[in-house]
Amino acid sequence: MTIKFPSVDFFQELARRMEADAAEFEKLGFCDTTLGIQVNGDAPHLYALTFEVFDCTDVRELSSPDDAELDFTLAAPLSLWREMFESIKKTGHPEPAFTLNSLSHVGDQMAVVYDDPEGHDKFYRFMATIQAFVDQASDLDIEWA
Amino acid sequence: MAYYARDDFFNNPEVLERSVDIFSGNLEIGWKDLDIELVRCRPSDPRRGLTFEDTNVGSYGWDQIPEKIRHNYSMAPRGAFLPEGLPHLGYDINRKSEVWADNAPALYEESKARRWNPTREVPWDAVEQIAHGDELERGLAQLYTDLTCMATALGDIPSKWVWHINQELLELKMFQCAQMFDAARLADVARKRPIAGGTGLGRDHAPLGELLKCVLDSGNFPCASASAHILLAGLMQTLLRHIGACSPNAADQTISRFGVQDVSRSIAYGVQHMQYLLNERPDEATSLTGHLDEVENALIGYLASPIFFSAMALVTAGSREQAADAVPQVAALYRRFSNEHRERRNSAGIGNDASPLQAFVTELEA
Chain A
1118 MTIKFPSVDF FQELARRMEA DAAEFEKLGF CDTTLGIQVN GDAPHLYALT
1168 FEVFDCTDVR ELSSPDDAEL DFTLAAPLSL WREMFESIKK TGHPEPAFTL
1218 NSLSHVGDQM AVVYDDPEGH DKFYRFMATI QAFVDQASDL DIEWA
Chain B
76 MAYYARDDFF NNPEVLERSV DIFSGNLEIG WKDLDIELVR CRPSDPRRGL
126 TFEDTNVGSY GWDQIPEKIR HNYSMAPRGA FLPEGLPHLG YDINRKSEVW
176 ADNAPALYEE SKARRWNPTR EVPWDAVEQI AHGDELERGL AQLYTDLTCM
226 ATALGDIPSK WVWHINQELL ELKMFQCAQM FDAARLADVA RKRPIAGGTG
276 LGRDHAPLGE LLKCVLDSGN FPCASASAHI LLAGLMQTLL RHIGACSPNA
326 ADQTISRFGV QDVSRSIAYG VQHMQYLLNE RPDEATSLTG HLDEVENALI
376 GYLASPIFFS AMALVTAGSR EQAADAVPQV AALYRRFSNE HRERRNSAGI
426 GNDASPLQAF VTELEA
């Protein structure tokens, strides 16, 4: 199945896989946050992903960051998202340079945007779950926008 | 032994007579008749189970804890019947705002749910096949040695204060127990990693000791909380993130990812603790700000220490030849850390844009 990135369908598929792989995500523990995924480029997109307990319960595309209460937003150009997912595709996990932590560490590749430092720290409190969530794209056939 | 029970039970014939009477089947079961609140609690979300939030009802809940606790100095859990004559168990922190944060009960549940076991979950075979150079490994060993010391201190802070805190604040005390275990796990894995890697541990150094002593010797719990949970845990979060970003080794990736989660819960508690305290007692902001500035002074000694700075440069560059070129990256990391620290201080209500750390990083950039 080919699935377009970026799209609501793409993140809903990851949410569906998260629910299907309950044992993995239950082991990682509760995850309660609403985060933004921002894809910059000629046609920018912003998505709100809501995580509750062990699931991603809601995926929405936003027209403005003000349309949802986002704890933090991971913002990067489409080319970087593509590099990250292609790295994940190789072995099921990203190469060290392409983990969410590495990409966002100093902020010069992937920006972590937030209003409230407590929201920002949720990125780190739930890091393992969020990384495992994106790693599920490893065997998706992605059509790049 | 400093306390002697108010009765010499062993030599009291009434105690023996009563025991014999009970053992012969004459049970005293009047204790069953209690005038206490009866409630029923169920998990609001079955996937979470029965959480503290679910039992935050009526007299059992934390919402009814008074700011000044004058009615209970016993070990009894909140909501239990308290007869006359209970001994005072010596609690000397009896004020809710001294320790409370509204997120503490949920952080305790989160800590249990997100537990991990480095003994089995770190891919230790990756440490047997280290693909990076000896110099990067040596730099990592030094940072892990420092992290072991910091994690030990981060566990010592709640253990130093928890037994002073009134048992009415039980959710907070249980969160502190979780903090101790989180810190023990981090000290455990940070120490094991360089030993397993074959490089062995690095060296202790006075600037780190000065910083940790400033944190540990905080004169009251709010000062200890501000310096341990906002400053020290924030520094540890940055170091763990940096190790994850610089080391290509799968073991380091795992330690970084899970370690960051553990220290970030302490940060979340620290910020909300300050918010709760200053909402109740805004005048405390001045002394807390001054204390944190003083601990930042010791932090500068650590950040500027040759051992730490050069270990950071070595880990950032990956080799000694390129370490000098990595200095601007280390400076950029200091800027990011100081910015995040300033944001947390501001959110907590103890901000100081001209604090020693801010001034130091600005000087460094100049």
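Chains as they are written, first to last, in our numbering: chain A, 1118 to 1262; chain B, 76 to 441.
Every residue gets a Cβ at the ideal spot worked out from N, C-alpha and C, and that includes glycine.
A quick note: this is a predicted structure, and the numbers were derived from the prediction, not measured.
| Check | Outcome |
| --- | --- |
| Chain B partners of A/Asp1233, CB-CB under 9 angstroms? | Glu418, Ser422 |
| Between which two residues does the beta strand (DSSP E) containing B/Pro118 stretch? | Element bounds for B/Pro118: n/a, residue is neither H nor E. |
| When the Cα of A/Trp1198 is compared with those of A/Arg1134, A/Glu1260, A/Tyr1231, A/Asp1183, which residue comes out closest? | A/Glu1260 |
| Looking only at DSSP bridge pairs, what is A/Pro1194 linked to? | A/Asn1157 |
| Can you grab the Cα-Cα spacing for the pair A/Leu1152 / A/Leu1179, in whole Å? | 12 angstroms |
| Could you pull the start and end residues of the beta strand (DSSP E) that A/Asp1175 belongs to? | 1172-1179 |
| Taking the beta strand (DSSP E) that B/Tyr79 falls in, what are its first and last residues? | First-last for B/Tyr79: undefined, no H or E at that position. |
| Buried or exposed, going by whether 16 or more other CB atoms sit within 10 Å of the CB of B/Lys248? | buried |
| Assess, as a yes-or-no matter, whether the region 205-215 of chain B is touched by the region 145-163 of chain B under the definition of 3 or more beta carbon pairs within less than 8 angstroms. | no |
| Rounded to whole angstroms, what's the CA-CA distance from B/Gly154 to B/Leu164? Just pull it up for me. | 18 angstroms |
| When burial is assigned at 16 or more other CB atoms within 10 Å of the CB, is B/Cys150 buried or exposed? | Checking the sequence, you will find Met at residue 150 of chain B rather than Cys. Classification of B/Met150: exposed, given that the 10 Å Cβ count is below 16. |
| Would you mind reading off the limits of the beta strand (DSSP E) that contains B/Ile330? | Run containing B/Ile330: none in the beta strand (DSSP E); it sits in the alpha helix (DSSP H), 325-355. |
| Is it right to say B/Arg340 is buried, meaning 16 or more other beta carbons lie within 10 angstroms of its own, or is it exposed? | buried |
| Which stretch, first to last residue, makes up the alpha helix (DSSP H) that contains A/Leu1187? | Premise fails: A/Leu1187 is in no alpha helix (DSSP H) and is neither H nor E. |
| Give me whichever residues DSSP pairs with A/Ile1259 in a beta bridge. | A/Ile1120 |
| Once DSSP output is grouped into helix, strand and coil, what is the label at A/Tyr1231? | coil |
| Given a cut-off of 9 angstroms on the beta-carbon distance, is the pair A/Leu1145 and A/Thr1246 in contact? | yes |
| Does the distance from the CB of B/Gln254 to the CB of B/Tyr166 come in under 9 angstroms? | no |
| Just to confirm the assignment, what range does the beta strand (DSSP E) spanning A/Phe1168 have? | 1162-1169 |
| Indicate whether the contact test is met: 3 or more Cβ pairs, each with one atom in the region 315-331 of chain B and one in the region 367-386 of chain B, closer than 8 angstroms. | no |
| Given that B/Val264 touches chain A, what residues does it touch there, using C-beta distances under 8 angstroms? | Under the 8 angstroms cutoff, chain A gives no residues; its nearest Cβ is about 14 angstroms from B/Val264. |
| Go ahead and pull the three-state DSSP assignment for B/Ile111. | coil |
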